[in-house]
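Since the structure comes first, as structure tokens, the remarks are kept for the end.
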Amino acid sequence: MNIIQAQNYDQLSKIGAAVIAGQILAKPDSILGLATGSTPEGTYKELVSLHRQNVLDFGKVSSFNLDEYYGIKRSDPQSYYAFMYRHLFSHVNIPGENIRLPNGEAQDADAECKAYEKLIAASGGIDLQLLGIGANGHIGFNEPGDVFPAVTHHVSLSESTIIANSRFYSSREEVPRSALTMGIGTIMAAKRILLLVSGAAKKSIMEQALYGPVTPNVPASVLQFHRDVTVVYDF
Ligand code: F6R
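Structure representation (structure tokens):
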């Protein structure tokens, strides 16, 4: 693993954007795996800035997002679809047809997960997957449990994730209870992985993930088995 300590969030965001920019410059038709959450917001801002400075062309880039709440409309400002347009897609020239997120409006969640997994495989696979880590060690919405879920699936969110995500809602009751997420196998199949970890509150879980035993109780610990992981943290 390539582990980089940034001095602060601003530098973490610039390094994160530099890694993604390098990927796009080396392979303009890169397939990116993208994440939502507070951590990558600064990275997306930096990517938008590089695009505006004429450094980065997203014209041939494709993307697959890690996850989406289930039972939420794409037009809902809390949807990950809306988040991605707000922070990145509306500000760069990535073609709309190249953008994919699991559809949280699908009637049949399991069929949607199967179709999403197939689409990723048919694309030739993700070149660079961006990840954050949950306070409980989750990546995507792969929550701590007894097994590493292999493929894209419909998952009930753990109480700790619902509490963490309630910061975006006026009450905990409004937070969606389930989500569609890439599986651990889907994530591990990415050619490269970039994990961003921000804030001292994540120090202990990051150390467990990177240096502790590999266990589904700390889903991010599986990254120890991936051959090309860059971790950037800011504490
Ligand atoms: C987001 C995702 C989650 C977040 C994680 C950290 O698409 O899949 O795993 O990366 O919950 O979230 P933040 O960055 O808000 O601390």
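For the sequence shown, my numbering gives the first residue as 990, with consecutive numbering after it. Note that the Cβ used here is the ideal one computed from N, Cα and C, for glycine as well.
Considering only residues of the same chain and omitting the five flanking positions on each side of residue i, which have a CB-CB separation below 6 angstroms?
{"i": "V1207", "result": "G1126, Q1197 and A1198"}
{"i": "R1063", "result": "Y1070"}
{"i": "I1109", "result": "F1053"}
{"i": "D1097", "result": "none"}
{"i": "H1080", "result": "V1037"}
{"i": "A1153", "result": "A1124"}
Tell me which residues share the same chain as residue i and place their Cβ nearer than 7 angstroms to its Cβ, disregarding the 5 neighbours each side in the sequence.
{"i": "A1100", "result": "none"}
{"i": "N1087", "result": "V1050, S1051 and S1052"}
{"i": "V1211", "result": "F1137, I1173, M1177 and V1203"}
{"i": "H1142", "result": "C1102, T1170 and G1172"}
{"i": "I1128", "result": "L1120, I1122, I1176, P1208 and A1209"}
{"i": "R1041", "result": "none"}
Do residue j and residue i come within 8 angstroms of each other at the CB atom, strictly closer than that value?
{"i": "E1057", "j": "G1026", "result": "no"}
{"i": "L1077", "j": "M1171", "result": "no"}
{"i": "M1177", "j": "I1122", "result": "no"}
{"i": "V1221", "j": "G1005", "result": "yes"}
{"i": "D1217", "j": "Q1000", "result": "no"}
{"i": "G1085", "j": "V1140", "result": "no"}
{"i": "P1165", "j": "G1060", "result": "yes"}
{"i": "S1147", "j": "E1132", "result": "yes"}
{"i": "M1073", "j": "L1045", "result": "no"}
{"i": "T1219", "j": "N997", "result": "no"}
{"i": "A1124", "j": "S1149", "result": "yes"}
{"i": "A1168", "j": "F1130", "result": "yes"}
{"i": "G1134", "j": "P1205", "result": "yes"}
Quick one: is residue i buried, meaning 16 or more other Cβ sit within 10 Å of its Cβ, or exposed?
{"i": "S1002", "result": "buried"}
{"i": "G1113", "result": "exposed"}
{"i": "V1136", "result": "exposed"}
{"i": "P1029", "result": "buried"}
{"i": "L1014", "result": "exposed"}
{"i": "K1192", "result": "exposed"}
{"i": "Y1158", "result": "exposed"}
{"i": "P1138", "result": "buried"}
{"i": "S1187", "result": "buried"}
{"i": "A1111", "result": "exposed"}
{"i": "S1160", "result": "exposed"}
Which residues in the same chain have their Cβ closer than 8 angstroms to the Cβ of residue i, if we skip the five residues on either side of it in sequence?
{"i": "I1009", "result": "L1021, T1032, L1036, L1117, L1119 and L1183"}
{"i": "G1048", "result": "P1017, N1082, I1083 and P1084"}
{"i": "A1190", "result": "A1124"}
{"i": "K1180", "result": "G1114, I1115, D1116, L1117 and D1217"}
{"i": "L1039", "result": "A1006, A1010 and L1045"}
Which partner residues does residue i have in the DSSP bridge list?
{"i": "F1047", "result": "Note: F1047 sits in no beta bridge, so no partner."}
{"i": "D1056", "result": "T1170"}
{"i": "N991", "result": "T1219"}
{"i": "R1089", "result": "F1053"}
{"i": "I1182", "result": "Q1118 and V1218"}
Can you check the region 1117 to 1173 for any alpha helix (DSSP H) of at least 4 residues that lies completely inside it and give the ranges in chain order?
1148 to 1154
Please give me, in chain order, every unbroken run of the beta strand (DSSP E) with length at least 3 that falls completely inside the region 996 to 1026.
1020 to 1023
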